[in-house]
Structure formats: structure tokens, C-alpha cells
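One structure below.
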Amino acid sequence: DGGITQSPKYLFRKEGQNVTLSCEQNLNHDAMYWYRQDPGQGLRLIYYSQIVNDFQKGDIAEGYSVSREKKESFPLTVTSAQKNPTAFYLCASSTTRLSSYEQYFGPGTRLTVT
Amino acid sequence: LAKTTQPISMDSYEGQEVNITCSHNNIATNDYITWYQQFPSQGPRFIIQGYKTKVTNEVASLFIPADRKSSTLSLPRVSLSDTAVYYCLVGDIGSGNTGKLIFGQGTTLQVKP
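Here it is in C-alpha cells:
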């Protein structure tokens, strides 16, 4: 089955630790995205990448880092510099062809930092 | 990217048609209108996209008036499983599109039996 996988579904960490969230897609999409969602709120863009080895900051990139070494993978690291890391994290991918705004989302990772 | 305004919440009953309206007064000429659906603890799912007049697929219809300053998502005969948050997004999907989407708070639709 084609799709996006995120692991793990739930993640618990102690404050001060870096943590990496996994995102893999087998849709052959060029573009990948990371969003953060807080309770009762919409999604906010953290980072996005339109091509391998290139990525751009979104609206709330501070305290996060990403890499895009392979087309299929776009891991997100939540660093200890992120002041409020507890949230629901969503990864998405899309084609970069014109006339398409459809992003395919993974199931999400719920991160709790205490 | 144009800002959108939609109701925070709506209630409906099973079998009814639901219309959710989104305002986007600053929509640009190249902007398309897209709707997503999100269930709790899941990623959003694309529902429908349009530029003008009416678009229909197996799930919903999208009505866009001539001035394009608003749009209405229509869900026919809703069921309990349509209870979700619905997001309206506006953006340019032409050349130079970065794929950046701006999700507002969305409209929480509660379908009652």
C-alpha cells in the first residue's frame, strides 16, 4: 500500500533531551512537510522540503531541525531549544506538479515532554 | 496566502445537508480554494478543490460565487462519521507553488443522531 508512515505513534521524553520523529513515504512525492498541532488549533508549518538535500523553514522552525537525504524520508528532530515541544506532529507529502494542492498526511506522532 | 474565516463550530443531524461557508476576501487571481477534513488524532484528508463556480466529487460539492470572496462546502446527507474538523484553505497552486498551506482553526462539525 502506498502512503506515509510516522513512528512512533506516542513518544515520551524528558525535558532537555533531543528527540527525532520519523516520517517515510512511498508515494514518490518530491515535497515533504512537517506540521505541529496543539489542542483545538489548526496546523502550523515547521519545515518543508521540495527536493532532496534542500529544505526551508516554515512559520515555527525555532527549536527544530530536519534533514532530507533521501526522497522517501524527512525526519524531524525536536531539540532541547524548543520551549514547548509537547504537541501532535504531522508529516505530509505532495507532488510538486502544477495545479495540485493535495497533501497526503501521515497518522501523526504525539510527543509528550515532561 | 489569503486569510480565511469560517465558523468555529456547527451542529447537524444525521441525514441533513450541511453547508459550511468560508470567507476569503483577499483571494488573489491565481488562488485556488481547498477543503480538508480532520478526525481526532489523525492527519487531515483532502476533500475537494476548486477555482470558480461549482465542483462536485463523490464526497462533497464546492460552490464558489463569481466574486470568489467566499466559498461553501456542501456535505449531502451527513452521517455520524462526518463529525470532524473542516479546514478551508486558499493559495496559489500555479508556478512557484511551494506547497505551503495555512490551516486556520477550522470548523468543528458535530453530527447528532
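Which chain is which? The protein sequence lines are A and B, in order.
Every position in the first sequence, counted from 1, becomes a number in our numbering once 1451 is added.
Every position in the second sequence, counted from 1, becomes a number in our numbering once 179 is added.
Don't be surprised by glycine CBs; every beta carbon is placed ideally from N, CA and C.
Since we're looking at a predicted model, the values are computed, not measured.
Ranked by Cα distance from A/I1511, the options A/E1520, A/D1505 and A/L1527 are led by A/L1527. Contact annotation for B/Y266 against chain A: G1493 and L1494 [CB-CB distance below 9 Å, chain order]. In the DSSP annotation of this structure, the continuous segment of the beta strand (DSSP E) that includes A/A1538 starts and ends at A1538 to S1545. Residue state for B/D271 is assigned as strand, using DSSP reduced to three classes. Distance from the CA of B/A245 to the CA of B/E237, rounded to the nearest whole angstrom, comes to 24 Å.
Looking at the DSSP output, A/S1524 sits in a beta bridge with A/E1475 and A/K1521. For B/N198, the uninterrupted beta strand (DSSP E) run begins and ends at V197 to S202, by DSSP. Judged by their CB atoms, B/G283 and A/G1493 are nearer to each other than the 7 Å cut-off.
In this structure, A/L1541 lies near B/G222, with their beta-carbon atoms less than 7 Å apart.
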